[in-house]
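Taken in sequence, the protein lines are chains L and P.
Sequential numbering of the first sequence, starting at 1, is according to this note's numbering.
Sequential numbering of the second sequence, starting at 1001, is according to this note's numbering.
Yeah, the Cβ is synthetic: ideal placement off N, Cα and C, and Gly gets one too.
Number of protein chains: 2
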Amino acid sequence: MADRSAQNLFIHNAAQVITPALSTSGPSPALALRVIEDGAVLIIDSKIAALGPTRDLKSDPRVQHVPQLNCTDCVVAPGFVDSHTHLVFAGTRQLEYEKRIQGTSYEEIAASGGGIQETVRQVRRTSEDSLLEAAKQRCREFLDHGTTTLEAKSGYGLDPDNEFKILRVVRRLREDSTLPVEIVSTFLGAHEIPEEFQKDRRGYVNLICSQMIPKVAQENLAEFCDVFCERTVFNLGESRQILLTARQHGLKLKLHADQLTRNGGAQLAVELNAISADHLECIEDRDVEALSHSNVVATLLPGATFHLGKGNYAPARKLIDSGARVALATDFNPGTSPTVNMQMVLSLACSQLHMSPAEAFAAATLGGAMALNRHGDRGSLDPGKAADLAIFDVPDYRLVPYHFGMNHVRAVIKDGQVLFDHWN
Amino acid sequence: MADRSAQNLFIHNAAQVITPALSTSGPSPALALRVIEDGAVLIIDSKIAALGPTRDLKSDPRVQHVPQLNCTDCVVAPGFVDSHTHLVFAGTRQLEYEKRIQGTSYEEIAASGGGIQETVRQVRRTSEDSLLEAAKQRCREFLDHGTTTLEAKSGYGLDPDNEFKILRVVRRLREDSTLPVEIVSTFLGAHEIPEEFQKDRRGYVNLICSQMIPKVAQENLAEFCDVFCERTVFNLGESRQILLTARQHGLKLKLHADQLTRNGGAQLAVELNAISADHLECIEDRDVEALSHSNVVATLLPGATFHLGKGNYAPARKLIDSGARVALATDFNPGTSPTVNMQMVLSLACSQLHMSPAEAFAAATLGGAMALNRHGDRGSLDPGKAADLAIFDVPDYRLVPYHFGMNHVRAVIKDGQVLFDHWN
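In structure tokens, the structure reads:
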């Protein structure tokens, strides 16, 4: 957690201050981006107090008494809210990456004991402290790239001891006062059928429902429950059973839906009123329609499609145009999306998904906050919200996705505190 | 230019030292990558003196007397040689980027006076000194991302005064002792038909051939001549005329070939024995065949395909498998590839072009050096070559493209001099 002493700051002369809003002026609610030229943000007591053109905010009497940060030629934005990451793991999977490049499919690698199972083997033999150290380093990299809130899933343990080990790591990250990133915890015991249950799928689903979920809820180890709903992983019926159990125990719901094949995951998310349905590469028009009439946040993870070398990006345009709520996230994980850089996800969203830079920024901030049920306090620069900001060293927000594959972050502010400023 | 005083350095304990080589063991010459585990590099008098396992090099008597750089958990590689950039320009084109995302094609934007013409208007009204300052800043960004040699084209002036203005900027960059990057100059007056010659194409081709090329050669303003050979730009006959004139004046040849349509550019490159044919997104099997039987370096620019949101990446696999010489470059420019990060180009090459990480590294170093006729002195860590190195903060070279959209460079060494080292 960040230093909780009250922080005051006047950010001014920014080329642009940008902030998303849920616009209700159209036929259905949509994320819009407000752009303030020569903008300023006033932070009082670690919260956004005011924002607007610099010339207007300068006359606010509170401005005289607070430290100042001149952001000439920079863009000031809400920090990214990365609502889908597999933060805690051991090992990297570059050998599998090389195999995929040579033509072996992700599904073939998984079927031969690679993929998620490979990371599970490594996590099981790694201590909690070692997992913690690696995850801390990754959190610092997320912050360096402008992410101030991120979700962290379990799912590389696949037995009670190891799933809880991962969730304890997430708890320790949340409680670490030297690590000023907001972390939201998700239980994903249903990430894969573990090797020891390959001939007893029902046994593993029962283990999740009867032992793991109750303990996760009782010990407050996670806020969300997620399932990898996929033909070759957990089918629709198993996914429903697990999610209903989680809901009964007070967990909020997420779903890996329709990534590799279309199997009804998005429809299940709508049926169960999940907070988010993630991936959606293979959804059909009827699924777009269902999502657009729901409050489920359609969370798009183009980094995975890119890294897997596939061309079937999720139908972002259809989702947005039909009025669905859209978030963007990294899907950071060692198999299919090994990047912490949300700016790269914006580039993918713009160049490959045909989202405008404004739509992409809104989806990566307020969209992500909605997907984590944090939109009351995070994801935009509305007065009263926590002062979580990323400051980019470009004079137009559109240049962040445009200059792709780079890190444009000059400074990050978390709860009003300047974590670093590469100019000072 | 870098500090020309003789530099000595012993780099050791690297997780891997990698260096490409032109292997002639197969049916046709191909780029291969040599990987030395726990490797070391000895630099004497700013040149590579030796490389090998740390335990072997430690006993070299010269090691005792030189500064040391411990590279535990890092990869040591030749600096990137980025053989295709449009380094010198004014303005950015994010509005055009937004239009393309919304569905307007690159060709439509060009036909309506946008695209290259927009940058030409901005370059013409920008002073030589302002262009120089902007280009210097970009050179520093290239160095920060591990590029130690880069090509710089003119092509945003399109009249003698402005083309020569750009080439003078390139010369001043080359002569700037504070800027330790190697720069190779290319004349690309034939980048587009300027607006004032739209009704007199022949007039512009004559201007290039009778005035611009002779002066470029006479004043030694460029080493290469390049042409954008494309149905809507310079056709095959015009391209041949310009390149033949350039050759007569002693310039080496490059060609923007078959990018947007297949129009015979690659075949022309082979016919004229050009040093490189660049882009090649639309080549057919007969063009692959022709290139594979030539010494023309097939220079692939996947950043442009990505940024344009197109799916037709160049057929890298066919080119490599048929024995063509392949280079990778950024195509850095404000319209179609606004990135300086060769690591991102590696990710594109691996994920989208199905090049192995080893092939991609070789193409981005020795391949680039071959495309600039610098392979005698740059592009690999062979003893006797200039000591240009990039050091990556990952323990396996495959992790550089794998962790996409990021900058893994920990340190850069140019002519034996440590330019920066983020660890020290």
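Residue i versus residue j: straight-line alpha-carbon distance, rounded
i       : j       : result
V123/L  : Y1397/P : 23 Å
A1363/P : D1388/P : 16 Å
R1172/P : E96/L   : 46 Å
A1002/P : A1152/P : In this prediction, A1002/P scores a pLDDT of 43, lower than 50, which makes its location untrustworthy; the coordinate-derived value is nonetheless stated afterwards. For A1002/P and A1152/P, the distance between alpha carbons rounds to 18 Å.
T85/L   : A369/L  : 14 Å
S468/L  : A6/L    : Outside the shown range of chain L (1 to 424) lies residue 468/L, about which nothing can therefore be said.
G1052/P : I1043/P : 12 Å
K1318/P : N1273/P : 21 Å
G1309/P : H1012/P : 42 Å
E1107/P : F392/L  : 31 Å
Q1343/P : Q248/L  : 47 Å
G376/L  : Q1094/P : 32 Å
W423/L  : T1336/P : 29 Å
Q1068/P : H1145/P : 23 Å
V418/L  : L381/L  : 16 Å
A1314/P : G250/L  : 51 Å
F234/L  : L243/L  : 11 Å
A90/L   : L131/L  : 7 Å
T1092/P : E1128/P : 17 Å
V1075/P : G103/L  : 26 Å
A1217/P : F1361/P : 33 Å
V1081/P : V1184/P : 10 Å
Chain P contact for residue i (CB, 8 Å cutoff)
i      : result
Y313/L : no
Y503/L : There is no way to answer for residue 503/L, as the model of chain L reaches only from 1 to 424.
P160/L : no
P61/L  : no
P194/L : no
Distance between beta carbons of residue j and residue i, contact taken as under 8 Å
i       : j       : result
V1326/P : F1332/P : Rounded, the Cβ-Cβ distance is 19 Å, inconsistent with contact.
F1228/P : E1192/P : 7 Å
A1329/P : T1299/P : 6 Å
L260/L  : D226/L  : Their Cβ separation, rounded to whole angstroms, is 16 Å, which puts L260/L and D226/L out of contact at 8 Å.
N1373/P : K1215/P : Between K1215/P and N1373/P the Cβ distance is about 22 Å, and since that is not below 8 Å, they are no contact.
A1390/P : V1412/P : 6 Å
A1304/P : M1355/P : In fact, because the Cβ distance is near 16 Å, the residues do not count as touching under 8 Å.
A50/L   : P383/L  : 6 Å
Neighbouring residues, chain L, relative to residue i (Cβ below 7 Å)
i       : result
H1422/P : None at all; the shortest Cβ gap to chain L is about 12 Å.
Chain P residues whose Cβ lies nearer than 8 Å to that of residue i
i      : result
G351/L : This sequence places Ser at residue 351/L; Gly is not what is there. Within 8 Å Cβ-Cβ: I1101, F1306, H1307, L1308 and G1309.
Below-8 Å beta-carbon distance, residue i vs any chain B residue
i       : result
N1070/P : Reference to chain B is not applicable here, since the protein chains of this structure are L and P.
Residue-level contact to chain L via CB, residue i, 8 Å cutoff
i       : result
N1407/P : yes
P1067/P : no
P1357/P : yes
A1015/P : no
Residues that residue i contacts on chain P, provided the C-beta gap is smaller than 7 Å
i     : result
P20/L : Under the 7 Å cutoff, chain P gives no residues; its nearest Cβ is about 17 Å from P20/L.
Neighbour list for residue i in chain L, Cβ cutoff strictly below 9 Å
i       : result
F1404/P : G303, F306, H307, S337, P338, T339, N341, M344 and G405
Interface partners of residue i on chain L, CB under 8 Å
i       : result
H1354/P : I101, Q102, G103 and G309
Distance cut-off 7 Å: residue i Cβ against heavy atoms of the ligand NAD
i      : result
T299/L : Within the structure as shown, the ligand NAD is missing, as the structure has no ligands at all.
Contact list for the region 178 to 191 of chain L against chain P, Cβ threshold 7 Å: none
The region 1380 to 1402 of chain P: positions lying closer than 7 Å to chain L by Cβ: D1396, R1398, L1399 and Y1402
Near-chain P residues of the region 83 to 117 of chain L (beta-carbon distance less than 9 Å), N- to C-terminal order: T92, R93, Q94, L95, Y97, E98, R100, I101, Q102 and G103
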